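Colleague:
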Amino acid sequence: MNSVERQDNLLKILVEEYVDSASPVGSGLIVSKYFKDLSSATIRNDMAELEKQGLICQPHTSAGRIPTVSGYRKYLNSLSTSGNLTKSEMNKLDRVESENLKTRTKNIARMIAKISDSAVFVSFGGDEFFYTGISNLFRQPEFSEMDYLHTMSEAIDHMDEAINLMSGQLEIGEIQTLIGQDNPFGAVTSVVVSKCEIDGQISLMGILGPNRMDYRKCLGLVEYFSKLLH
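Numbering-wise (this note's numbering), the sequence shown opens with residue 0 and increments by one.
In structure tokens, the structure reads:
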């Protein structure tokens with residue numbers, strides 16, 4: 000593995016460790032878990048290179064590093080939507096039933112919010128909006144800061160505008176991940192969203208979370224949601 004491949008792998012590891020722990024990731028932890036044949040100095044040099052490229056940064060109060068929006072974007076380029084859910088998660092979604100498609104869609108959205116520990120929204124035809132799991136967002140460590148709370152509260156107040164804006168940018172069946180300035184909900188959050196057809200209506204379904212969200216799982220959930228509608 001050359002240095003570029005190792006740095007790409009290091010970025011993937013750092014993103015996934017940070018998503019899991021919500022704590023800045025240090026070189027010692029990375030060496031002990033993933034690169035036991037390399038020195039901490041080598042990994043520190045690689046981390047310095049990733050930082051130079053603007054892919055990771057160092058919070059003021061920690062020796063560890065966290066991904067930047069650019070780092071998340073590069074990480075996302077290497078992900079696929081397929082194979083990211085466990086059999087148990089798929090079974091939970093498969094078992095959701097209801098007397099009509101709209102109610103079933105809402106119940107599936109509630110289950111996705113539970114599995115992803117994020118907020119989920121669905122639009123039906125552009126004039127009816129449903130969302131669930133907002134409390135999941137506010138339990139995330141990021142939202143202990145007032146700036147995050149304020150931004151997220153404003154986003155929820157203007158959810159219909161954000162959904163309509165995204166709907167105009169997507170094709171039917173397309174899945175997109177919007178992060179940072181690309182995300183109409185605000186730069187401190189990310190959204191994995193798909194445009195689909197529900198009961199003959201052009202609709203939108205998305206998972207909304209902090210930038211530190213489990214993109215692999217959320218991509219899998221949005222893709223599986225679309226499959227369940229057919």
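Even glycine gets a Cβ: it sits at the ideal position worked out from N, Cα and C.
Here the structure is a predicted model, which is why all the values come from computation and not from measurement.
When you compare only the Cα positions, how much space is there between T67 and C56?
Modeller: Approximately 6 Å, taken between the alpha carbons.
Colleague: State the beta-bridge partners of P66 as determined by DSSP.
Modeller: Paired residues: I55.
Colleague: Between the region 214-224 and the region 130-147, can you find at least three pairs of beta-carbon atoms closer than 8 Å?
Modeller: Verdict: no, contact absent.
Colleague: Between the Cα of Q180 and the Cα atoms of A62, S87, R72 and D116, which residue gives the shortest distance?
Modeller: Residue R72 is the option with its Cα nearest to Q180.
Colleague: Please report the distance separating the alpha-carbon of I29 from that of N99.
Modeller: If you take the alpha carbons of I29 and N99, they lie about 49 Å apart.
Colleague: Do I111 and I206 have their CB atoms nearer than 8 Å?
Modeller: The answer is yes: Cβ separation under 8 Å.
Colleague: To which residues of the same chain is L233 closer than 7 Å at the C-beta, ignoring the five residues directly before and after it?
Modeller: Look at the range of the chain in this structure, 0 to 229, and you will see that residue 233 is not part of it.
Colleague: Quick test of the definition: if touching needs 3 or more C-beta pairs under 8 Å, does the region 29-39 touch the region 75-83?
Modeller: With the cut-off at 8 Å, the region 29-39 and the region 75-83 do not touch.
Colleague: Verify whether the separation of the beta carbon atoms of S117 and M204 is less than 8 Å.
Modeller: Not closer than 8 Å, so no.
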